[in-house]
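*Asks:* Numbers given in the working numbering equal positions in the sequence shown, counted from 1, plus 1470.
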Amino acid sequence: MSDLILTARRIHVLGTHAPVQALLIRDGRIVVAGTADEARGAALPGAATEHVDGVVTPGLTDAHVHLTTWALARRRVDLNAAPTLGDGVAAVAEAARAGEGWVRGLGWDRHRWGALPTKEPLDRVCPGRPVFLQSHDLHGIWVNSEALRRCGITRDTPDPDGGEIVRDPATGEPTGVLLEEAMKLVSAHLPADSPEDVRAALLDAQRECHALGLTGVHSVEVTGLQDFSAMEQDGVLRLRVLQAIQLTQLKNAIGVGLRSGFGGEWIRIGGLKMFLDGALGSRTAWMREPYEGTPGNLGISTLPPDEFRAHVRRAAEAGISSTVHAIGDAAVELAIAVLGAAPRIAAMPHRIEHVQLCPPDLWERAGRSGLIGSMQPIHLMTDIPTAERNWGHERSRGAYPFSHLLRAGMTLAFGSDVPVESCDPRLGLFSAVNRVGWGGEPADGWWQENAVTPEQALRAYTEGPAAAAGLAHRTGRLLPGYDADLVAWDVDPLACTPDEVRGMTCLLTMVAGETVHRAA
């Protein structure tokens, strides 16, 4: 590959450096970041040139994705688009008219629909085929009677540890909704997707990521390692992937000597993924005080604290860092205490996923812990009314406290949790700064003291994920020696209005110096 001299209206290289005019790219890395004359002076003979009439930033990394789940969900029933239960049932009925076997979909939301759904409407439109529909937050499933029958789930089936089979209070019969660990009672019976279907879906998803300015992802997908490895072997993977290890895979990972940081150019092994609780929307996030209006309901602790400590210790002894889902304040407090005291792993730091409710008394502890806060600002655009309802306004001061955690010293890595929310980073950048719902309310921002600046938000999509992956020395910035992973925008994300951020166009995306997306 010949040298490439790339010029633009402005190039934000980040770090402590001022913007530059030009980059010299060679063999997938930045060689020069400076003036056009400096780039030309260092270029080899025959260097190619390109000018982008836009503003260049480092490529963005989504620090929390379920990419295979999202890729396949794009080809299934989309309940995110259903404003009512009736609309959702109609979408399932339409899908059930074609094909055979399980009808699958994603995106129902009890708060959008006003209540938990039940199996009866699914039974009416799909009596002979099993139905499996994941909730918007991925912490619940909605199934019909045929699915319950095939999985052997009856009124006598006990709730598994860390999960709940929702039941009719009068009869004890399963209603068709299963939460947290109970979901596995059904998911274990789902047929596996073919490798061909997974590959085709992921290639489509990768193209969409590139068009949104994403050059990397941190995957918590259960099948992520095999899915991305197959793409890498075929030479078609063009996203930098940090892949977490599932708790069920820990024994085998240790047995074969797998460690955090192992990998190559495209895939790198991350930390051990564990869950301490559920989610806000399903009222299964583990709380220090009960949910509003439901005395005694503290959510669900999905992993006993002693077991959690043992897993963290066992993984650390094997050179594996920990990546822990914690949404409720009780879960966040436990995660800070255990991971903050755990042995450090040289390859990459321990991290907390979501940190969704972190009260003021935990801010300094979080900042001193040395942990990464892997957070998804786009969630708050949906969660504001839910948090107000479930946690109350005053307690919600600790919801998504981006600025306070940054000031306390915590490194933030922003993502989306796709398919829970869109992986469009423009929405994440917007919501981290403006803290409003989809309709723009409240006008002055929801607990606006927790907001960050546009530059801090951009760094949380670039430098933050790089630090979380143990790659701060080569990704997340556009400096000499760093990967030539970059994106060009039609406006400057650090000097435009909030509405312009939401609507800005990705003109060009490069990964390792290769153009993977160019706007028409």
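Here a beta-carbon is modelled for each residue, glycine too, at the ideal position from N, C-alpha and C. Since we're looking at a predicted model, the values are computed, not measured.
According to DSSP, is Gly1524 part of a helix, a strand, or is it coil?
*Replies:* strand
*Asks:* Taking Thr1932 as part of the beta strand (DSSP E), name the residues at either end of that continuous run.
*Replies:* Careful: Thr1932 lies outside any beta strand (DSSP E) and carries neither H nor E.
*Asks:* Can you name, in chain order, every residue of its own chain whose Cβ lies under 7 Å from the Cβ of Ala1785, other than the five neighbours on each side?
*Replies:* Excluding sequence neighbours, Ala1785 sits near Leu1720, Leu1742 and Ser1792.
*Asks:* Quick one: using the 10 Å Cβ neighbour count with 16 as the cut-off for buried, is Ala1938 buried or exposed?
*Replies:* buried
*Asks:* Roughly how many angstroms lie between the CA atoms of Gly1610 and Thr1486, to the nearest whole one?
*Replies:* 44 Å
*Asks:* Measuring only the C-alpha atoms, how far is Leu1551 from Arg1567?
*Replies:* Going by the sequence as given, residue 1551 is Ala instead of Leu. Approximately 19 Å between the Cα atoms of the pair.
*Asks:* If I'm right that Ala1617 touches Val1656 with Cβ under 8 Å, what's the distance once you round it to whole angstroms?
*Replies:* 6 Å
*Asks:* Mapping the DSSP letters down to three states, classify Glu1911 as helix, strand or coil.
*Replies:* coil
*Asks:* What span of residues does the beta strand (DSSP E) with Glu1823 cover, start to end?
*Replies:* From DSSP, the beta strand (DSSP E) with Glu1823 extends over Arg1821 to His1824.
*Asks:* For the putative contact between Leu1684 and Pro1895, defined by C-beta atoms under 8 Å, what is the C-beta separation to the nearest angstrom?
*Replies:* 6 Å
*Asks:* Pick out the complete alpha helix (DSSP H) segments inside the stretch 1535 to 1580, 4 residues or longer, and give them in chain order.
*Replies:* 1537 to 1543 and 1555 to 1566
*Asks:* Three-state secondary structure (DSSP) at Ile1481?
*Replies:* Here Ile1481 sits in strand by DSSP.
*Asks:* Below 8 Å, can you find three or more Cβ-Cβ pairs linking the stretch 1863 to 1871 to the stretch 1814 to 1829?
*Replies:* yes
*Asks:* Would you tell me roughly how many angstroms separate the C-alpha atoms of Pro1587 and Glu1803, rounded to the nearest one?
*Replies:* 32 Å
*Asks:* I think Val1483 touches Ala1513, with their Cβ atoms under 8 Å apart; what is that distance to the nearest whole Å?
*Replies:* No, Val1483 and Ala1513 are not in contact; Cβ-Cβ is about 18 Å, not under 8 Å.
*Asks:* Would you list the residues sitting across from Pro1644 in a DSSP beta bridge?
*Replies:* Arg1637
*Asks:* Once the 5 residues before and after Trp1908 are set aside, which same chain residues still bring their CB inside 8 Å of it?
*Replies:* Result list for Trp1908: Met1851 and Thr1852, in chain order.
*Asks:* Quick one: residues in its chain with C-beta nearer than 6 Å to the C-beta of Glu1508, no 5 flanking neighbours on either side, listed in chain order?
*Replies:* Excluding sequence neighbours, Glu1508 sits near Val1502.
*Asks:* Between the stretch 1512 to 1527 and the stretch 1664 to 1675, do three or more beta carbon pairs fall short of 8 Å?
*Replies:* no
*Asks:* When DSSP labels each residue in this structure, what does Glu1891 get in the three-state scheme?
*Replies:* Looking at Glu1891 - three-state DSSP - the assignment turns out to be coil, as it is neither helix nor strand.
*Asks:* Taking the runs of the alpha helix (DSSP H) that are 4 residues or longer, which of them lie wholly in the stretch 1606 to 1686?
*Replies:* 1615 to 1620, 1654 to 1657 and 1665 to 1681
*Asks:* How would you label Pro1591, buried or exposed, when you count the other beta carbons within 10 angstroms and need 16 or more for buried?
*Replies:* buried
*Asks:* Across which residues does DSSP place His1943 in a beta bridge pair?
*Replies:* Beta-bridge pairing links His1943 to no other residue.
*Asks:* Could you tell me the alpha carbon to alpha carbon distance between Met1818 and Gly1731, rounded to whole angstroms?
*Replies:* Going from the Cα of Met1818 to the Cα of Gly1731 covers about 7 Å.
*Asks:* Within this structure, are the beta carbons of Gly1748 and Thr1772 separated by less than 8 Å?
*Replies:* Yes, the pair counts as a contact, with Cβ atoms nearer than the cut-off.
*Asks:* For Asp1831, which of Leu1875, His1849 and Ile1790 has the nearest alpha-carbon?
*Replies:* Leu1875
*Asks:* For His1536, count neighbouring Cβ atoms within 10 angstroms of its own Cβ and tell me buried if that reaches 16, exposed if not.
*Replies:* buried
*Asks:* Do you know how far the Cα of Val1888 is from the Cα of Glu1864?
*Replies:* 29 Å
*Asks:* Tell me the DSSP secondary structure of Gln1846 in three-state form.
*Replies:* coil
*Asks:* Which class does Asp1697 belong to by DSSP, given the choice of helix, strand or coil?
*Replies:* Residue state, collapsed to three classes: helix.
*Asks:* Report yes if the C-beta distance between Leu1948 and Ile1500 is below 8 Å; otherwise report no.
*Replies:* yes
*Asks:* For Asp1532, count the other beta carbons within 10 Å of its own beta carbon; 16 or more makes it buried, fewer makes it exposed. Which is it?
*Replies:* buried
*Asks:* When DSSP builds the beta bridges, which residues end up paired with Leu1809?
*Replies:* DSSP lists no partner for Leu1809.
*Asks:* Using the C-alpha atoms, what's the distance from Ala1658 back to Pro1775?
*Replies:* Straight-line Cα distance between these residues: approximately 26 Å.
*Asks:* For Trp1833, which residues of its own chain have a beta-carbon under 7 Å away from its beta-carbon, when the five flanking residues on both sides are left out?
*Replies:* Pro1871, His1874, Leu1875 and Ala1878
*Asks:* Output the distance between the C-alpha atoms of Pro1489 and Arg1480, rounded to the nearest integer angstrom.
*Replies:* 6 Å
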